[in-house]
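Engineer: 8 is the number of the first residue of the sequence shown in my numbering; add one for each residue after it.
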Amino acid sequence: MMRRPSMDTESKTFKFKICLVGEEGVGKTSLIHRFVSGAFDESYIRTLGAVVSKKTVALGTLHGRPVQVDMMILDIMGKRTFLQLFKEAYFHGAKGVLAVFDVTRAQSLRDLTKWIDGVRDSVGPVPVYALGNKTDLAHRREVNPEEASSTLLSYECPVLYTSAKTGENVEQAFQGLAKTIVESSSSQ
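1) Mapping DSSP to helix, strand and coil, what is S60?
2) For T111, is the classification buried or exposed, using 16 other Cβ atoms within 10 angstroms of its Cβ as the cut-off for buried?
3) In this structure, what does DSSP give as the bridge partners for V135?
4) In three-state terms, what does DSSP make of M14?
5) Does the Cβ-Cβ distance between N140 and T169 come in under 8 Å?
6) Beta-carbon separation of A185 and V133 under 8 Å?
7) Can you give the beta carbon distance from V33 to V107, rounded, assuming they're within the 8 Å contact cut?
8) From the DSSP output, read off the bridge partner residues of R72.
9) Starting from T36 and walking both ways along the alpha helix (DSSP H), at which residues does that stretch end?
10) Roughly how many angstroms separate the alpha carbons of M78 and I123, rounded to a whole number?
11) Within this structure, are the beta carbons of V126 and C26 separated by less than 8 Å?
12) Using the C-alpha atoms, what's the distance from E178 back to V43?
13) Just to confirm the assignment, what range does the alpha helix (DSSP H) spanning V28 have?
14) With distance defined between alpha-carbon atoms, name the residue in Y97, L144, S156 and A65 nearest to S129.
15) Given this structure, state the Cα-to-Cα distance separating F181 from L105, to the nearest angstrom.
16) Identify whether V177 lies in helix, strand or coil by the three-state DSSP scheme.
17) How many Å lie between D82 and V28 at the Cα?
Put into structure tokens, the structure is as follows:
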């Protein structure tokens, strides 16, 4: 008896945790809110500890099968003392990082390296995307792309410029990181 080859079109689902890190006030919470709900809130609400959001996204196909990702997204409080005290607990199991700086505050870019190092010290060499947020405030910009590329060169991470307010590159940032994680886990 001859068997027909099965057409496996059932979707492949990946589940993983990603963390958003960076200094206080760079827009991590607003980026997550824009990505998860498609909205922007003008009011500033300081994150205390870590806040978890979830979203499922379709990523196209992998080996002919549809791929979807269930993302658990951690919004980490932007105080470096918090980083030192709780990094093991909050970063444990993270598969990727969106490292956020504010293009209107050059110091937030310089401080970003400490955040990336803190995550990688805890979980190893996970994929990182650096996000220069608040591009809608071009008239107040302090960070140019050359400075960002130079500062982040040793981390070999893509740098995207985002605006939680307008939605510019927000979806691309989260989906790009998710695709990178899926591709790296599929090649292992």
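Beta carbons: idealized from backbone N, C-alpha and C, even for Gly.
Structural biologist: In terms of the structure at hand:
1) strand
2) buried
3) V104
4) Any reading at M14 must be qualified, since the residue scores a pLDDT of 46, below 50, and its modelled position is unreliable; no value is offered.
5) yes
6) no
7) 5 Å
8) Per DSSP, L69.
9) Taken as a continuous stretch (DSSP letters only), the alpha helix (DSSP H) holding T36 covers K35 to S44.
10) 20 Å
11) Contact flag set, yes.
12) 9 Å
13) Looking at the DSSP string, V28 is not in any alpha helix (DSSP H); the run it does join, the beta strand (DSSP E), is K19 to V28.
14) Y97
15) 8 Å
16) helix
17) Going from the Cα of D82 to the Cα of V28 covers about 7 Å.
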